[in-house]
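Here is the structure we will look at, set down as structure tokens.
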Amino acid sequence: MKSVMKQIIFSSMLLLIIPSSAWIFGWQWQLTHADSNLLKGLFGVTETAGYSWGILTCILLSACFLRCLRFRLKVALQFLVLLLILMVIGQTVKIIMKNQIKEPRPFLVCLEKKHHIENKNFYSLNIEPRTVLLKRLLKSETNAPNWLKKYWQAETGFSFPSGHSIFAASWALLAVGLLWPLRYYKTVIFLMLWSSGVMISRLLLGMHWPIDIFVSILISSLLSILSCWVVYRWIDPIPLNKKKF
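For the sequence shown, the residue numbers in our numbering are 2 to 246.
Given below as structure tokens:
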């Protein structure tokens with residue numbers, strides 16, 4: 002288990018390069034004209050970890066894990082319950098932290114500065130009035146495509162931390178802990194790249210600050226280590242002759 006923990010920590014450090022690079026180079030999101038095709042591609046990536054497509058992603062990845070780990074039925078059900086608990090805990094932590102810290106999203110901060118609106122006044126409104134106000138503010142914006150404006154209007158909540166990043170990083174790091182020892186290298190690398198793509202998309206779409214992504218990775222790392230410990234300690238689906246740690 003120690004080697005698995007080291008692998009997860011190392012992989013977490015690789016993911017942390019993304020928000021850390023934004024800090025080091027002083028990158029900040031700005032409401033400027035961007036390549037619409039690039040933004041559309043990033044939006045597609047971010048949707049795989051969102052509410053709309055996240056359930057389908059969970060089903061596909063759960064099936065992938067089950068196929069790789071070759072469970073018996075009883076153990077498979079136990080593992081699926083563990084996955085469900087992992088995702089619920091991650092999103093619950095996100096909700097609690099968002100409501101406590103109340104950090105506004107980058108695109109909202111940019112609009113508030115441009116239109117001289119206090120974010121406290123914005124967040125004092127209920128969801129529907131927020132959406133109406135945001136729609137009015139975005140009406141005169143020409144630097145953002147209409148589909149992105151509609152997406153922003155539906156995302157009037159708080160920024161810190163990133164639920165999308167927690168979701169994606171948890172899957173990727175869980176794969177590191179469970180599938181890497183079985184030499185499913187391509188699968189793990191794909192999930193790490195997908196997770197990185199989700200995080201980058203959240204930054205470039207103006208949805209999150211680097212600190213949001215950074216803390217989300219740390220949360221995912223802790224949850225993944227705990228989940229792997231439960232698997233190896235209580236479920237232990239991997240045949241002994243295939244364990245590599």
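A virtual CB, placed ideally from N, CA and C, is assigned to each residue, including glycine.
Quick caveat: nothing in here was measured; it's all calculated off a predicted structure.
Determine the extent of the alpha helix (DSSP H) in which residue 75 is found, giving its start and end residues. 74-102
Using the rule of at least 16 other Cβ atoms within 10 Å of the residue's Cβ for burial, across every protein chain shown, is residue 240 buried or exposed? A caution first: residue 240 carries a pLDDT of 45, below 50, which makes its placement in the model too unreliable to give a value.
Pairwise C-alpha distance: residue 108 and residue 32: 7 Å
Cα-Cα separation between residue 151 and residue 218, rounded to whole angstroms: Spanning the alpha carbons of residue 151 and residue 218 requires a straight line of approximately 28 Å.
Does any residue of chain B bring its CB to less than 8 Å from the CB of residue 149? Of the chains in the structure shown, none is chain B; there is only one protein chain.
Inspect the beta-carbon positions of residue 164 and residue 92 and report whether they are closer than 8 Å. Yes. Within cutoff.
Determine the extent of the alpha helix (DSSP H) in which residue 33 is found, giving its start and end residues. Counting along the chain, residue 33 falls outside any alpha helix (DSSP H), and DSSP gives it neither H nor E.
Buried or exposed: which applies to residue 185, given that a residue is buried once 16 or more other Cβ atoms fall within 10 Å of its Cβ? buried
Roughly how many angstroms separate the alpha carbons of residue 1 and residue 194, rounded to a whole number? Residue 1 falls outside the range modelled here, since the chain spans only 2 to 246, and no answer is possible.
Run through DSSP, which three-state label would residue 198 get? helix
In or out: residue 116 buried (at least 16 other Cβ within 10 Å) or exposed? exposed
What are the boundary residues of the alpha helix (DSSP H) that residue 208 is part of? Residue 208 -> no alpha helix (DSSP H), and no H or E assigned at all.
Apart from the five residues on each side of it in sequence, which residues of its chain come closer than 8 Å, Cβ to Cβ, to residue 90? 224
Residue range of the unbroken alpha helix (DSSP H) whose run includes residue 147: 147-154
Mark residue 176 as exposed unless 16 or more other C-beta atoms lie within 10 angstroms of its C-beta, in which case mark it buried. buried
Please identify the residue among 14, 7, 21 and 8 whose C-alpha is closest to the C-alpha of residue 204. 21
Beta carbon of residue 157 nearer than 8 Å to that of residue 132: yes
For residue 105, does the three-state DSSP call read helix, strand or coil? Residue 105 carries a coil assignment under DSSP once its states are collapsed to helix, strand and coil.
Which residues in the same chain as residue 231 place their Cβ atom closer than 7 Å to its Cβ, once the five residues preceding and following it in sequence are excluded? 83
Kindly indicate the opening and closing residues of the alpha helix (DSSP H) around residue 140. No alpha helix (DSSP H) holds residue 140; DSSP gives it neither H nor E.
Selected residue, minimal CA-CA separation from residue 236, among 5, 25, 73 and 170: 73
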